[in-house]
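Take the sequence shown: its letters are residues 18 to 411, numbered as in the working numbering. For every residue, glycine included, the Cβ atom is placed at its ideal position computed from N, Cα and C.
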Amino acid sequence: MIGRAGGSRRDVLLIVFSRVFRNFAAGFLNVAVGLYMYTELHYSFPLIGSVFGAASLAAPFLNLVFGLTSDVYGRKKMLVIGNSLLVFSTIMLLLSSSYYLIVLASMLGSFGLAGGTVGGGVGGYVAPMQNALLAEKAPPGERTRYFSLASVAGGVSSSVGAFLTNIPDYRTLFLIGLVISALATVIVLFISESQSRKPAREVFRFRSGRNIAKFSVTGALNGLGQGLVTPYFSVLFKSNYHISNGLIGDIMGAATLVTAFSLYFTPYLTKKLGFVNLISVTRGVSTVLLGLFPFIPGIVLASADYFCFTALRMLSLPAQQSLMMGMVTENERGSATSVNQASRLLPSSAATFIAGYLFADSYELPFLVSVPVNLFNIVFYNLFFRKDERKVEF
């Protein structure tokens, strides 16, 4: 898949390897932190929602800070700092079970964010630097292939990581997370720095502002729809089906694995269908399956539904990332990704916080609210990008 990478082949591999290690840690931390609060600390749904909500609230701020500064001071430098925050967050989980430290750790590590681990893993604020660096190293006509490669590799590693939740001791899991996230940070040190810099005085000026605004609207709707349900799945499997932590990790790991391998076909499907048609079909079917989830009896059928809607929801992600990188100027790619991430995560944080109370009263209601929001998101993709996609090389 790497193909014609030329002199940037080494950097592409290092970016992918860093994502692999980070997502490996993300695979079990995203599952384990929620279960740790529910089974070990006996937190209620509203209290868990407050932790995940705080993480989602901090994420837009962190995305903006890292994305904007990476275009000015260097994407490699900011990626090292961003990866280091995950290291510090796992240290906090190891040192204390205090509610306030768990909140702080979740904010720095972005635990429980809506969107899963395939797209960027725990700590979504590293996505602006990763995506901008990857787009810089990839030939314009092969960006989708490179983004698919990174997503497949990261998704496979996070799915393997999720299987580690079979380890019953949370302290052991957090220690493994510390070591692996540290390795992800060290790898970044060997990546060559981005040559595309933006003057500091222009940090808040965007030549691609109109296109960034379009992605912000779709990002906001996506965050709102996913924030209502996505962070709670590990807890929902536990509370509704009363299965073991290990089986929950197996289910979520298998779902991530299916999703990761499905991304291999994204470049082919994008060329055959076009980006807008691809996202309309895959996210349309995914939304229907999401709405059906709370009404499906039995863990087998519920797991199958979870596998399908997760894979379909994420299938268009590499193409969406490639389209955005093609529609903004090169020295604004980090900023564009950060604004898009922030616009997604801010509504997600509000939705995640509210959903904790909704789940306490009704298991079905958060899903039923999420469905129309996701459908509106598809409508806006058609309105905004039907014409623009023809001008961009994927």
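Distance between residue j and residue i (C-alpha atoms, nearest Å)
i	j	result
K255	V68	18 Å
T107	A72	14 Å
S25	N228	28 Å
A377	V386	15 Å
I19	A155	With a pLDDT of only 41 at I19, under the threshold of 50, the placement of this residue in the model should not be trusted; the figure read from the coordinates follows. The alpha-carbon atoms of I19 and A155 are separated by roughly 9 Å.
R27	V196	24 Å
F312	M54	26 Å
P364	L181	31 Å
G136	L334	Here the model assigns G136 a pLDDT of 47, short of 50, so the residue's position is not dependable, and the following value carries that caveat. In a straight line, the C-alpha of G136 is about 7 Å away from that of L334.
G178	V345	34 Å
A201	G91	18 Å
K288	L166	16 Å
L206	S379	48 Å
F402	V293	7 Å
V120	L290	43 Å
Buried versus exposed, by CB contacts within 10 Å (16 or more), residue i
i	result
R361	buried
T189	exposed
K404	exposed
A42	buried
N399	exposed
N257	exposed
K93	buried
Y285	exposed
L112	exposed
R407	exposed
G158	exposed
S114	exposed
E57	exposed
S279	buried
F191	buried
Among the options, the one whose alpha carbon lies nearest that of residue i
i	options	result
S303	S339, V205, Y285, L329	L329
A144	A319, S320, P77	P77
M331	V345, L318, V298	V298
V29	M124, G66, I204, G91	I204
T247	V104, V33, P383	P383
V97	Y380, R36, L340	R36
A149	G263, H59, V89, I265	V89
Q243	S175, T369, L79, F105	T369
L79	G126, G91, S61	G126
I193	A49, N348, F393	A49
A237	G66, F326, N47, V390	V390
Boundaries (first-last residue) of the alpha helix (DSSP H) holding residue i
i	result
F384	382 to 402
K231	226 to 244
T161	160 to 179
V97	92 to 112
I283	The sequence given here places Thr at residue 283; Ile does not occur at that position. Note, T283: alpha helix (DSSP H), 283 to 290.
I32	26 to 52
N357	350 to 378
T202	187 to 205
F278	262 to 279
Heavy atom of the ligand GTP within 8 Å of residue i beta-carbon
i	result
F34	The ligand GTP is not part of this structure, which contains no ligands at all.
Counting pairs of Cβ atoms below 8 Å between the region 345 to 359 and the region 79 to 97, do you hit three or more? yes
Is there contact here, the region 169 to 185 with the region 39 to 54, by at least three beta-carbon pairs under 8 Å? yes
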